[in-house]
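Peer 1: Numbering (the working numbering), first residue to last: 412 to 730. Virtual Cβ for every residue (Gly too), placed ideally from N, Cα, C.
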């Protein structure tokens with residue numbers, strides 16, 4: 412446990428320069444935006460004198476380094492500014508939209524992991540036979556399929572044609588758990604299928620490599636049932652690599668969820684950032700981008716910690 416705590420602390424220290432780099436990049440990019448914060452705040456009828464007074468009052472005429480330091484101070488206090496009229500706190504807007512994006516991403520991770528595990532293990536156990544070939548074709552199609560396009564197909568087939576699911580909208584789980592599942596089912600599948608297809612290929616490769624190891628042949632030859640060897644040893648050892656790949660795919664899952672939300676009309680971060688772009692609201696866009704980036708970093712930290720627990724050899728190397 413001491414080794415895990417030390418390595419986790421090391422991972423936390425590496426987050427500091429990464430967070431600073433992300434904030435600097437987002438701050439710099441949006442400062443080159445043609446949108447005028449004073450114009451957005453005061454509206455079309457504001458005079459040049461009023462816009463200049465607003466800029467001076469809010470420090471918009473200060474040098475960029477000064478504004479960046481002030482931005483970091485505000486960020487440390489949870490202050491991301493206010494949106495364009497009708498004005499509201501960017502932090503409150505993100506706090507309202509983020510839970511839905513998190514729910515969609517978690518459902519997509521669960522669906523993708525189950526999909527990858529079932530198909531990857533099946534393909535490895537039936538290596539070079541027809542189930543393996545069929546799963547390869549399916550996984551290749553899934554990897555090549557954009558989530559937004561799959562979402563449109565799912566709406567056409569299962570919402571408009573069959574009527575099994577709604578075409579869009581969101582139901583709070585506190586109001587109806589069944590309605591909540593139905594409202595997020597198609598978006599979750601659209602986000603999960605491409606990532607699950609990629610992970611299925613990784614799981615198959617890792618399983619095949621593990622099945623060819625000497626200890627598997629020795630255990631099976633010694634009389635242990637193959638299903639026991641696969642369940643107790645092969646699967647556990649083979650999942651270390653897919654776990655790492657899943658951590659790297661969290662960014663894709665988040666970005667896919669953001670795009671799919673706009674297609675299904677879900678009031679998450681995707682819809683929020685589209686509102687910011689459409690309204691020319693740099694504060695809102697900046698806040699959402701930072702929120703997604705920081706979430707990606709935190710999730711990858713959690714995956715690294717899970718990787719330490721799943722790989723005892725890595726923990727032993729630090730002794």
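Rounded to whole angstroms, what is the Cα-Cα separation between residue 630 and residue 614?
Peer 2: The residue given as residue 630 occupies position 219 in the chain shown. The residue given as residue 614 occupies position 203 in the chain shown. Straight-line Cα distance between these residues: approximately 22 Å.
Peer 1: Give the secondary structure of residue 696 by DSSP, where H, G and I count as helix, E and B as strand, and everything else as coil.
Peer 2: Along the chain shown, one-based indexing puts residue 696 at 285. Helix.
Peer 1: Within a Cβ cutoff of 6 Å, which residues of the same chain sit near residue 386, ignoring the five residues on either side of it in sequence?
Peer 2: Limits of the chain in this structure are 412 at one end and 730 at the other, which puts residue 386 out of reach.
Peer 1: Would you call the CB atoms of residue 679 and residue 565 closer than 8 Å?
Peer 2: Here residue 679 refers to the residue found at position 268 when the chain shown is read from its first residue. Here residue 565 refers to the residue found at position 154 when the chain shown is read from its first residue. Inclusion of residue 679 and residue 565 in the CB contact set at 8 Å is not warranted, their separation being larger than that value.
Peer 1: I'd like to check one pair, residue 531 with residue 608: are the Cβ atoms closer than 8 Å?
Peer 2: On the chain shown, position 197 is the one that residue 608 refers to. On the chain shown, position 120 is the one that residue 531 refers to. No; because the gap between Cβ atoms is not below 8 Å, this pair is not in contact.
Peer 1: Can you tell which of 627, 663, 610, 625 has the C-alpha that lies nearest to the C-alpha of residue 654?
Peer 2: Taking the first residue of the chain shown as position 1, residue 654 is located at position 243. It is 610 whose Cα lies nearest to the Cα of residue 654.
Peer 1: CB residue 665 to CB residue 707, shorter than 8 Å?
Peer 2: As a position in the chain shown, residue 665 is number 254, starting the count at 1. As a position in the chain shown, residue 707 is number 296, starting the count at 1. It is a contact, given that the beta carbons lie within the stated cut-off.
Peer 1: Pull up the DSSP beta-bridge partners for residue 500, would you.
Peer 2: For this step, residue 500 is matched to residue 89 along the chain shown. Answer is 493, bridged to residue 500.
Peer 1: Quick check on this structure: which residue in 638, 587, 601 has the alpha carbon closest to the alpha carbon of residue 567?
Peer 2: The sequence position of residue 567 within the chain shown is 156, counting from 1. If we check each option's Cα against that of residue 567, 601 comes out closest.
Peer 1: Determine whether the beta carbon atoms of residue 598 and residue 675 lie at a separation below 8 Å.
Peer 2: As a position in the chain shown, residue 598 is number 187, starting the count at 1. As a position in the chain shown, residue 675 is number 264, starting the count at 1. Yes.
Peer 1: Provide the residue span of the alpha helix (DSSP H) that contains residue 615, from first to last.
Peer 2: Here residue 615 corresponds to residue number 204 of the chain shown, with the count starting at 1. Looking at the DSSP string, the run of the alpha helix (DSSP H) that includes residue 615 is 588-622.
Peer 1: Assuming residue 668 contacts residue 681 under a Cβ cut-off of 8 Å, what Cβ separation, rounded to an integer in Å, is found between them?
Peer 2: Position 257 of the chain shown, counted from the start, is the residue given in the question as residue 668. Position 270 of the chain shown, counted from the start, is the residue given in the question as residue 681. 7 Å between Cβ atoms; contact.
Peer 1: I need the straight-line Cα distance from residue 523 to residue 710, nearest angstrom please.
Peer 2: Your numbering for residue 523 matches position 112 in the chain shown. Your numbering for residue 710 matches position 299 in the chain shown. Each residue's Cα considered, the two are about 16 Å apart.
Peer 1: Do you know how far the Cα of residue 570 is from the Cα of residue 576?
Peer 2: In the chain shown, counting from the first residue as 1, residue 576 sits at position 165. In the chain shown, counting from the first residue as 1, residue 570 sits at position 159. Taking the straight line from one Cα to the other gives about 5 Å.
Peer 1: Once you ignore the five residues that flank residue 458 on each side, which residues in its own chain have a CB closer than 7 Å to its CB?
Peer 2: For the purposes of this step, residue 458 is identified with residue 47 of the chain shown, where counting begins at 1. So no residue of the chain qualifies.
Peer 1: Within 10 Å of its beta-carbon, does residue 618 have 16 or more other beta-carbons around it, so buried, or fewer, so exposed?
Peer 2: The residue you call residue 618 lines up with position 207 of the chain shown. Flag for residue 618 reads buried.
Peer 1: Give me the residue from 492, 508, 509 with the minimum Cα distance to residue 501.
Peer 2: Walking along the chain shown from the start, residue 501 turns up at place 90. Here the closest residue by C-alpha is 492.
Peer 1: Tell me which same chain residues have a C-beta within less than 7 Å of the C-beta of residue 622, skipping the five on either side of it?
Peer 2: Along the chain shown, one-based indexing puts residue 622 at 211. Contacts found: 535, 645.
Peer 1: Give a yes or no on whether the minimum CB-CB distance between residue 697 and chain D is below 8 Å.
Peer 2: The chain labelled as chain D is not found in the depicted structure, where only one protein chain is given.
Peer 1: Here's the rule: buried if 16 or more other CB atoms are within 10 angstroms of the residue's CB, otherwise exposed. What is residue 625?
Peer 2: Taking the first residue of the chain shown as position 1, residue 625 is located at position 214. The residue is exposed, with fewer than 16 neighbouring Cβ atoms inside 10 Å.
Peer 1: From residue 559 to residue 505, what distance separates their C-alpha atoms?
Peer 2: As a working mapping, residue 559 is identified with position 148 in the chain shown. As a working mapping, residue 505 is identified with position 94 in the chain shown. So the alpha carbons of these two residues sit roughly 22 Å apart.
Peer 1: Measure how close the beta-carbons of residue 479 and residue 511 come, nearest whole angstrom, since I'm counting them as under 8 Å.
Peer 2: Residue numbering aside, residue 479 sits at position 68 when the chain shown is read from its first letter. Residue numbering aside, residue 511 sits at position 100 when the chain shown is read from its first letter. That belief does not hold up - the Cβ atoms of residue 479 and residue 511 are roughly 31 Å apart, past 8 Å.
Peer 1: Please list, in chain order, all residues of the same chain as residue 701 whose beta carbon is under 8 Å from its beta carbon, the five residues on each side excluded.
Peer 2: Indexing the chain shown from 1 puts residue 701 at position 290. The residues are 433, 434, 437, 486, 491.
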